[in-house]
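Be aware that the sequence shown starts at 113, since it is given in the numbering used here, and climbs by one per residue.
The block underneath contains the structure these notes are about, expressed in structure tokens.
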Amino acid sequence: MARSMFGKIADLLSNNQGNFAIMASLTLPVVIIGASLALDTTDALSMKTRMQNAADSAALATSTLLSQDENLSVEDAKAFAATFLRGQMEEDLPAFSNMSVTPLITITPVKDNGNTIWQVAVSLSGTKALSPMAHLMGRSDISVGVVGKSESASGVIQGAFSMALVLDRSGSMDWDLDGQRKIDVLKTAVGGLLDQFETADPGHNYVRVGAASYNTYMTGSQKLSWKPKKTRDFVNALPADGGTDSTEAFNWAYTNVNSTSETKKHTDNTGQEPQKFIVFMTDGDNNYSAADSSTRILCDKAKDAGVEVYTVAFAAPTRGKQLLSYCATSSEHFYDAESSADLIAAFKSIGKQASQVTSRLTQ
113 MARSMFGKIA DLLSNNQGNF AIMASLTLPV VIIGASLALD TTDALSMKTR
163 MQNAADSAAL ATSTLLSQDE NLSVEDAKAF AATFLRGQME EDLPAFSNMS
213 VTPLITITPV KDNGNTIWQV AVSLSGTKAL SPMAHLMGRS DISVGVVGKS
263 ESASGVIQGA FSMALVLDRS GSMDWDLDGQ RKIDVLKTAV GGLLDQFETA
313 DPGHNYVRVG AASYNTYMTG SQKLSWKPKK TRDFVNALPA DGGTDSTEAF
363 NWAYTNVNST SETKKHTDNT GQEPQKFIVF MTDGDNNYSA ADSSTRILCD
413 KAKDAGVEVY TVAFAAPTRG KQLLSYCATS SEHFYDAESS ADLIAAFKSI
463 GKQASQVTSR LTQ
């Protein structure tokens, strides 16, 4: 069989009647043009994929920025989107022959029950030069268009979460700073945090928050609740006295925020798996280094379990800052508040990050 096949091929190659040459001359250009068009089509699809990824990323980043920065103007947001796009496309442009891309950025604020929903659309139209063989088919370039859309909302919670506060109420919190007792500044800061949750979740359907206080021991707690007022009342009643040991209070926060029963409360209410947060604050050092070690172990457990840990050092000494820096999920989760204003701003920032809506792609 194989010998017969090779024999036929040999006969075809040795044929001097010109049939093979005629067939080859007719089919070879078609094959070459077809291959060229296939390559052009593959390049165009690759180009479209890269453009779509860039448009989606730019739309998502811009809507997220608008939801985070209430002072950002629409024009500045468009400039941000354009810069973001350039960064995304710089590596892609050299990969395609004579490729050019034109962006169109549209940002529309929509009011919904007093909240602002930011709708961002990023349209990209691009052209790419085709291979020389494609010119025989009457085409010199190909056009590709994509649209990336995203929307985000400012001040509206769409994701469930539980947050446990771990608050230092040791004797040093009775000291004066900037003309106020530090414990009073803490109460104001926590009040601002809870105000954001009340505004973002007026129906009390998505946020559960609680707190534990500590000095030499854990001195009290308010269990996680749908009603922030309970935590507010607990914090507002805190005195300031005693030494410092954060272990027991942090353990309470980790155990409660990460419990199966806490997750079930959310899933029963909204069907959502909650995010989990701990906010750990101190203005001093633990009285014993062993308390630092035990708290670090608990911090590791919390982070390994997926709990985001925010930490706030309130005019704290070096060892206290080192503990909080270690416990924070990342450097961006650690706040070094040296003044009363810094503490209030830190809690406001944490509240904003926790309650901000996660931007989502809509197309």
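Built from N, CA and C at the ideal position, the CB exists for glycine as well.
Paired residues, beta bridge with residue i - DSSP
i	result
E215	Sequence inspection shows Pro at residue 215; the Glu mentioned does not correspond to that position. P215 is bridged to L236.
R320	S274
S325	L279, G332
Q292	L289
Span of the beta strand (DSSP E) around residue i
i	result
E420	420-426
L279	273-280
Y447	446-449
L336	330-337
Q387	387-394
Pairwise C-alpha distance: residue j and residue i
i	j	result
V469	E360	Legend: pLDDT at V469 = 40, less than 50; position of this residue unreliable, value from coordinates given subsequently. Answer to the nearest angstrom: the Cα atoms are 32 Å apart.
G418	S443	16 Å
A425	D181	24 Å
F389	A272	11 Å
T174	A403	43 Å
S158	E385	36 Å
E202	A166	11 Å
R408	Y438	7 Å
I456	L298	8 Å
A440	V391	9 Å
V222	N370	36 Å
I217	V232	7 Å
K341	L306	8 Å
D313	I254	49 Å
T311	D345	18 Å
A194	R162	16 Å
Anticipated Cβ contact below 8 Å, residue i with residue j, distance rounded
i	j	result
A365	A276	4 Å
G260	D168	4 Å
First through last residue of the alpha helix (DSSP H) which encompasses residue i
i	result
K415	401-416
D313	First-last for D313: undefined, no H or E at that position.
M201	186-201
A440	First-last for A440: undefined, no H or E at that position.
A453	452-467
D380	372-382
>> Below 8 Å, how does it come out for the stretch 315-328 and the stretch 274-283: are there three or more Cβ pairs, yes or no?
In response: yes
>> For the structure I just gave you, are there three or more beta carbon pairs, one from the stretch 299-311 and one from the stretch 400-417, closer than 8 Å?
In response: no
>> Check whether the stretch 311-324 and the stretch 332-352 touch, using three or more Cβ-Cβ pairs below 8 Å as the test.
In response: yes
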